[in-house]
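*Asks:*
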Amino acid sequence: MKVFFPPPNRRFGPVDVLGLVGLTGLLIGRYVPVAKLIPFWGCILRETTGWPCLGCGLTRVADRVAHFNFIGAWEANPMGTVAALLFALAAVVMLLHMAFKMPVPELQLSPREWTWVRVAFPILLFVNYAYVVVKTKFPHLLT
32 MKVFFPPPNR
42 RFGPVDVLGL
52 VGLTGLLIGR
62 YVPVAKLIPF
72 WGCILRETTG
82 WPCLGCGLTR
92 VADRVAHFNF
102 IGAWEANPMG
112 TVAALLFALA
122 AVVMLLHMAF
132 KMPVPELQLS
142 PREWTWVRVA
152 FPILLFVNYA
162 YVVVKTKFPH
172 LLT
């Protein structure tokens, strides 16, 4: 992996987009009770079959991370918690970048490293989903 540091700038790039999305999501999670305001809010798959979907728990994750309840967020969806924290980090980097011209490092992965990412991500997704299923359908197995 190679890391490049561009000269100080205020160019709006991919990390800034992720930061803006993260900041928006965390502010909504903090100040808007989405699950209470929208009457049809919920997981259709879980309501009809009883089985959670891949995204089950992400609303709770956003709400709990925005309220600094990281343990509760982790229990709702571990991979979602990691993603929410990465979005929060991107928001901080975006604010520093835009306010102080802080250079945002650019990463360049080798083909072999990209292969590892492409292999590891589905495995992590599967393990996360297995955890959410066990927590939802078979909670006695986790005690």
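The opening residue of the sequence shown carries number 32 in this note's numbering; numbering runs sequentially from there. C-beta: ideal position from N, C-alpha, C; glycine also.
Going by CA-CA distance only, name the one from 149, 105 and 44 that's closest to residue 159.
*Replies:* Position 128 of the sequence shown, counted from the start, is the residue given in the question as residue 159. The shortest C-alpha separation from residue 159 is found at 105.
*Asks:* Check for me: the alpha helix (DSSP H) holding residue 58 runs from which residue to which?
*Replies:* Working through the sequence shown from its first residue, we reach residue 58 at position 27. Element bounds for residue 58: 45-62.
*Asks:* DSSP three-state label for residue 163, please.
*Replies:* Start at 1 with the first residue of the sequence shown, and residue 163 comes out as number 132. Helix.
*Asks:* Smallest Cα separation from residue 85: which of 118, 95 and 74?
*Replies:* The residue labelled residue 85 in the question sits at position 54 within the sequence shown. Among 118, 95 and 74, the Cα nearest to that of residue 85 is on 74.
*Asks:* Whole angstroms is fine: what's the gap from residue 36's alpha carbon to residue 54's?
*Replies:* Here residue 36 corresponds to residue number 5 of the sequence shown, with the count starting at 1. Here residue 54 corresponds to residue number 23 of the sequence shown, with the count starting at 1. C-alpha separation (whole angstroms): 24 Å.
*Asks:* When the Cβ atoms of the stretch 56-67 are set against those of the stretch 135-147, are three or more pairs found closer than 8 Å?
*Replies:* Cβ pair count under 8 Å is below three, so no.
*Asks:* Per DSSP, residue 137 is paired with what?
*Replies:* As a first step, residue 137 must be located in the sequence shown, where it is residue number 106. Looking at the DSSP assignment, residue 137 forms a beta bridge with 35.
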